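Okay, so the sequence shown: first residue is 1 according to UniProt numbering, each after it adds one. Just so you know, even glycine gets a beta-carbon here, dropped at the ideal spot from N, CA and C. Because the structure is a prediction, the values reported are computed rather than measured. Single-structure report; data block below.
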Amino acid sequence: MDKKQLMNDLKQIVLKEVPNAVKKITLENEDKVCYISLLGTDDEPVLGLIQLGIESYRNEIINEVGIDDKWTIWNSGEMPVDYQTVIDENHPEFREKQELLVKAFGDDWEDLWEDCQTLRFELAQELNQYNWSEILPITEDFVVYSDWEAIDVTNGDLERSIPIEKLNIIKDKQLI
């Protein structure tokens, strides 16, 4: 199977399975989700981890570090692990295809990362079009975004993931 076909197959799996995966996460009584982070890693460049951002924790972070510390506000690692999930628990084909994709690129890690990052931006854009309020209790500024270890929120890295109308909402709230 060629790289393009693998990428397309992985995209279709993610678009279908992210909503199913996040539905299985147990939220506390009044918690609302303010974001879904799609984290790419070196070993899992398309999607390694799905992290829910919880409004109450985000508010605590803002109270502790201030509204100007955008990196910490958007750092999915600041959220409790109880709000993390993966696709491959319920969809082993996803893991297999992601591993095949990594092998298909071989030593060309930079191209692999760039192609997978572009795919995550596309996935986030498409997932941002879903009616998430039918799936999860969400905030009015809820977004889905592509995440990675070196994300630079203050220099526009979120903007490739998020449609302009949602960007305007989070800008109005001074979240970016």
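Please determine, among the options, the residue with the shortest C-alpha to C-alpha distance to residue i.
{"i": "residue 132", "options": "36, 29 and 26", "result": "36"}
{"i": "residue 54", "options": "158, 150 and 76", "result": "76"}
{"i": "residue 141", "options": "103, 33 and 10", "result": "33"}
{"i": "residue 5", "options": "169, 98 and 110", "result": "98"}
{"i": "residue 44", "options": "117, 20 and 127", "result": "117"}
{"i": "residue 134", "options": "20, 2, 150 and 108", "result": "20"}
{"i": "residue 165", "options": "93, 125 and 30", "result": "125"}
{"i": "residue 155", "options": "105, 69, 50 and 96", "result": "69"}
{"i": "residue 51", "options": "91, 130, 143 and 114", "result": "143"}
{"i": "residue 172", "options": "67, 152 and 79", "result": "67"}
{"i": "residue 29", "options": "95, 138 and 110", "result": "138"}
{"i": "residue 136", "options": "9, 101, 31 and 14", "result": "31"}
{"i": "residue 91", "options": "3, 174, 14 and 175", "result": "14"}
{"i": "residue 56", "options": "79, 49, 48 and 42", "result": "79"}
Drop a sphere of 10 angstroms on the beta-carbon of residue i, count the other beta-carbons inside from all chains shown, and report buried for 16 or more, exposed for fewer.
{"i": "residue 81", "result": "exposed"}
{"i": "residue 16", "result": "exposed"}
{"i": "residue 162", "result": "buried"}
{"i": "residue 146", "result": "buried"}
{"i": "residue 106", "result": "exposed"}
{"i": "residue 1", "result": "exposed"}
{"i": "residue 8", "result": "exposed"}
Rounded to the nearest angstrom, how far is the Cβ of residue i from that of residue j, given a contact under 8 Å?
{"i": "residue 119", "j": "residue 11", "result": "6 Å"}
{"i": "residue 58", "j": "residue 121", "result": "That pair is no contact at about 22 Å."}
{"i": "residue 71", "j": "residue 158", "result": "Between residue 158 and residue 71 the Cβ distance is about 11 Å, and since that is not below 8 Å, they are no contact."}
{"i": "residue 153", "j": "residue 169", "result": "Not a contact, Cβ separation roughly 16 Å."}
{"i": "residue 40", "j": "residue 148", "result": "5 Å"}
{"i": "residue 127", "j": "residue 46", "result": "Not really, about 14 Å apart at Cβ, beyond 8 Å."}
{"i": "residue 3", "j": "residue 150", "result": "At roughly 24 Å, the Cβ-Cβ gap does not stay under 8 Å, so residue 3 and residue 150 are not in contact."}
Check whether the segment 22–33 touches the segment 80–94, counting contact only when three or more Cβ pairs, one atom from each stretch, lie closer than 8 Å.
-> yes
Pick out the complete alpha helix (DSSP H) segments inside the segment 79–107, 4 residues or longer, and give them in chain order.
-> 92–105
How do the segment 36–46 and the segment 59–72 stand: do at least 3 beta-carbon pairs fall below 8 Å, yes or no?
-> no
Complete runs of the alpha helix (DSSP H) confined to the segment 9–89 [at least 4 residues] = 55–65 and 70–74
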